[in-house]
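A.B. asks:
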């Protein structure tokens, strides 16, 4: 059965997260149903995703894979001159709701695994510390704060978290899931509109880890705690009540990076052996 790579984006505001849940509208549920429709499958289509985003979290660079019946895939172009991959993307966008867009569909190379093969995932978080300056058209992806933020202090604190660490203090624990992650980059900047933008890049993320990492930096930016506060929380290894898990709508999965095709299988094998269950 061919394995397809699906690159997609979505506005997470109307979803109860990625993962399919009974009675809930989810990204996986909508995409699975759309695939079943275009492939004329009798049962829901099982998907594997790079990052299982929480309720309200957006994505511009999400990646999933799915295995499909060869005959159904080959029949997608119908009488047109399109290749099956192009037909799959166009037909999915025709039946998906407007808050999900499929960027591309491609036949995955051998060893590709959307969940276990990535080298890293990159998330972005948007904060507005001047409510009067907020663009109302961006209110659904930007969190508003009443206190001004010192970006220089936030960057100094963020640098102390970079590296291979046990991020248990910033994760919602799951049975059997490792909390050891390699934080490759964490930085803050102010864009041309005055929005404070955080960029977080790691090999993988635990449940709620990114929003907790942001929550650890906000009190640094407002001056309520010192620059060493997030690093002290990290070393303590337990959740700190002063670290707020920030609102989901400010967060977006921006990019998932994979190794060269020849290295995909080795990367997936390494991830499974070192990390165990990878949640995000």
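Residue numbers (our numbering): 3 to 282.
Every residue gets a Cβ at the ideal spot worked out from N, C-alpha and C, and that includes glycine.
1. Starting from residue 165, follow its DSSP beta bridges and name the residues at the other end.
2. Give a yes or no on whether the C-beta atoms belonging to residue 78 and residue 90 are separated by under 8 angstroms.
3. Under DSSP, the beta strand (DSSP E) around residue 203 begins and ends at which residues?
4. What's the gap between the Cα of residue 132 and the Cα of residue 192?
5. Leaving out five residues before and five after residue 242 in sequence, what residues of the same chain have Cβ atoms less than 7 angstroms from its Cβ?
6. Determine contact between the segment 203 to 215 and the segment 99 to 114, defined as no fewer than three beta-carbon pairs at a distance below 8 angstroms.
7. Determine contact between the segment 250 to 269 and the segment 59 to 76, defined as no fewer than three beta-carbon pairs at a distance below 8 angstroms.
8. When the distance is taken between beta carbons, is residue 48 closer than 8 angstroms to residue 20?
9. What residues in its chain sit with their C-beta under 8 angstroms from that of residue 40, if we drop five residues either side in the sequence?
10. In angstroms, rounded to a whole number, what distance separates the CA positions of residue 119 and residue 270?
11. Opposite residue 259 in the DSSP bridges: which residues?
12. Residue 18 by DSSP, collapsed to three states: which one?
13. Could you say if the segment 110 to 127 and the segment 199 to 213 meet the contact criterion of at least three C-beta pairs nearer than 8 angstroms?
14. How would you call residue 276, buried or exposed, if buried means at least 16 neighbouring beta carbons within 10 angstroms?
15. Roughly how many angstroms lie between the CA atoms of residue 115 and residue 70, to the nearest whole one?
16. List the endpoints of the continuous alpha helix (DSSP H) containing residue 90.
C.D. replies: According to the data block:
1. Answer is 185.
2. Yes, they are a contact pair.
3. For residue 203, the enclosing beta strand (DSSP E) starts and ends at 198 to 204.
4. Roughly 12 angstroms between the two C-alpha positions.
5. The beta carbon of residue 242 sits closer than 7 angstroms to those of 171, 235, all from its chain and outside the five residues before and after it, given in chain order.
6. A contact is defined here as three or more CB-CB pairs under 8 angstroms, and the segment 203 to 215 fails this definition with respect to the segment 99 to 114.
7. They touch, by the three-pair rule.
8. The Cβ atoms of residue 20 and residue 48 do not sit closer than 8 angstroms to each other.
9. 78, 90, 93, 94, 97.
10. Taking the CA atoms as reference points, residue 119 sits about 4 angstroms from residue 270.
11. Paired residues: 122.
12. Coil, per DSSP.
13. A contact between stretches requires three or more CB pairs, one per stretch, nearer than 8 angstroms, and the segment 110 to 127 meets this requirement with the segment 199 to 213.
14. Its Cβ having fewer than 16 others within 10 Å, residue 276 is exposed.
15. One C-alpha to the other measures close to 15 angstroms.
16. Taken as a continuous stretch (DSSP letters only), the alpha helix (DSSP H) holding residue 90 covers 86 to 97.
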